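> Here this note's numbering runs 9 ahead of the position in the sequence shown, where the first position is 1.
We put the beta carbon where it would ideally sit given N, CA and C, even for glycine.
Owing to the predicted nature of the structure, the values given are computational and were not obtained by experimental measurement.
My structure is below; once you've seen it, I'll send some questions.
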Amino acid sequence: MQKFERLEKIGEGTYGTVFKAKNKETQEIVALKRVRLDDDDEGVPSSALREICLLKELKHRNIVHLHDVLHCNRRLTLVFECCDQDLKKYFDACNGEIDPDVVKSFMFQLLRGLAFCHSQNILHRDLKPQNLLINKNGELKLADFGLARAFGIPVRCFSAEVVTLWYRPPDVLFGARIYTTSIDMWSAGCIFAEMANAGRPLFPGNDVDDQLKRIFKLLGTPTEETWPGISKLPDFKVNEAVFMCVSSRFHSLPEAMALTPYGPIMEIVHMTLPFPPTYVILTPLWRFCWDVASILQNPSNASM
Numbered sequence: 010m011q012k013f014e015r016l017e018k019i020g021e022g023t024y025g026t027v028f029k030a031k032n033k034e035t036q037e038i039v040a041l042k043r044v045r046l047d048d049d050d051e052g053v054p055s056s057a058l059r060e061i062c063l064l065k066e067l068k069h070r071n072i073v074h075l076h077d078v079l080h081c082n083r084r085l086t087l088v089f090e091c092c093d094q095d096l097k098k099y100f101d102a103c104n105g106e107i108d109p110d111v112v113k114s115f116m117f118q119l120l121r122g123l124a125f126c127h128s129q130n131i132l133h134r135d136l137k138p139q140n141l142l143i144n145k146n147g148e149l150k151l152a153d154f155g156l157a158r159a160f161g162i163p164v165r166c167f168s169a170e171v172v173t174l175w176y177r178p179p180d181v182l183f184g185a186r187i188y189t190t191s192i193d194m195w196s197a198g199c200i201f202a203e204m205a206n207a208g209r210p211l212f213p214g215n216d217v218d219d220q221l222k223r224i225f226k227l228l229g230t231p232t233e234e235t236w237p238g239i240s241k242l243p244d245f246k247v248n249e250a251v252f253m254c255v256s257s258r259f260h261s262l263p264e265a266m267a268l269t270p271y272g273p274i275m276e277i278v279h280m281t282l283p284f285p286p287t288y289v290i291l292t293p294l295w296r297f298c299w300d301v302a303s304i305l306q307n308p309s310n311a312s313m
C-alpha cells in the first residue's frame, strides 16, 4: 500500500470504502476498494472472493479492469482502473436532458459487456446505474461483481434475494430460484428505458408488492395464457389485473420515436422487458444482445 497516494474518497457501502488514489511509481490514477474483514474466523467475505475470481477471468473493454489484490493488516484492497463517475451520477449531472447519441453509445456498450459475460457463463445479477462506470472517454464498464454467479447445465437453483428492487424481474419478485441470463436482460431493459426517459427510473417501487404493481400497470398483468407456469412460482399472487401499453410511459418523447436517434425504442423495450422474462433464453443470449445492439448501432437510426 506504500506505493499508493490516497487522493479522495469516492464511494462507501456495506462492502467497505472506495478511494481514488495515485500509483507513486507509475503516476497512474486508480480506484482502491478496501474490503472490511470481520473480526470472526470467516475471513474474506464471499462476495469479495467471488468478485476477485470472476474479474481475473473477465477481460473486456466494457468490464472494469482489476489490476491487483493486496492483503495486509487484516485489510483486503482491490486495485481497479479508475473511472470518473457512474451512470447514476451522470444522470444527476444531465439535469433531465441526455443526448440521444450518448444513450445509444451507453446502451450498446452495456449490451456488449453483458454479451461477453453471458458468453463466459457469468450472470451479473446486480445491474443498475450505480454499477455502470463511465470514464472520461465515454466508455461504459460493468462493475461490482459481488453478486455474480456462474451458470450452466444442469440449471442451478439460485437465491431470489438478488438484484436491486427497481431492476429485478417479475419472476424473481415472485420468488423464482431458477433463472438464467434473462435476469440481466430485464435489468438492462430497465436501464435503457431510464436513459431514454431522461434518467427517471422506470419502476421505482417501494417494496416487492409495489414493484409488481408498477410493472403490471405498464406492461399488463400476466396470466397462465401469456406466461405459462406463472401461477406455480413460490410467491405468486395477483390481486387485480391491469392492461397498459408500454408506449404510454414515454409520453414525453417525440411521437415519431421509431425514427429518432434512439432507434425503434418500443422494439428495444419490448425485447428486453418481455413476458415471461425467461423468453430471452429461447435463443442464445449473446446473439440476443447483439440483435438489440445492432438496432442501436444501425447507421439508418443514427451514428454512434
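#1: For a quick check, are the C-beta atoms of L63 and A157 less than 8 Å apart?
#2: Based on the DSSP output, what are the partners of H69 in its beta bridges?
#3: Are L149 and L119 close, meaning C-beta to C-beta below 8 Å?
#4: Would you please state the rounded distance, in angstroms, between the beta carbons of P178 and W195? I believe it to be under 8 Å.
#5: Using C-beta distances below 7 Å, list every residue in its chain close to D77, excluding the 5 sequence neighbours before and after it, in chain order.
#6: What do you get for D135, buried or exposed, if any count of 16 or more other CB atoms within 10 angstroms of its CB means buried?
#7: Just to confirm the assignment, what range does the alpha helix (DSSP H) spanning R121 have?
#8: Considering only the beta carbon of each residue, do A152 and I131 sit closer than 8 Å?
#9: Is the distance from the Cβ of P138 to the Cβ of E203 below 8 Å?
#10: Tell me which residues share the same chain as E17 and place their Cβ nearer than 8 Å to its Cβ, disregarding the 5 neighbours each side in the sequence.
#11: Which value, in whole angstroms, describes the spacing of the CA atoms of K145 and F115?
#12: Using 8 Å as the threshold, is the region 88 to 101 in touch with the region 174 to 190, meaning 3 or more CB pairs across them?
#13: Please state whether the Cβ-Cβ distance between K33 and F13 is less than 8 Å.
#14: Might you give, ordered along the chain, the residues of its own chain that have their beta carbon closer than 6 Å to the beta carbon of S56, omitting 5 neighbours on each side?
#15: Take E24 as the anchor and find which of P54, R15 and Q36 has the nearest alpha-carbon.
#16: By Cβ distance below 6 Å, which residues in the same chain neighbour R45 in space, the five residues on each side in sequence not counted?
#17: Per the DSSP calculation, Q94 is bridged to which residue(s)?
This is what the structure holds:
#1: yes
#2: The partner list for H69 (beta bridge, DSSP) is empty, contrary to what the question assumes.
#3: yes
#4: 4 Å
#5: V88
#6: buried
#7: P109 to S128
#8: no
#9: yes
#10: F28 and K29
#11: 13 Å
#12: no
#13: yes
#14: G155
#15: One detail in the question is off: residue 24 reads as Tyr in this sequence, not Glu. Nearest option by C-alpha distance: P54.
#16: G25
#17: I143
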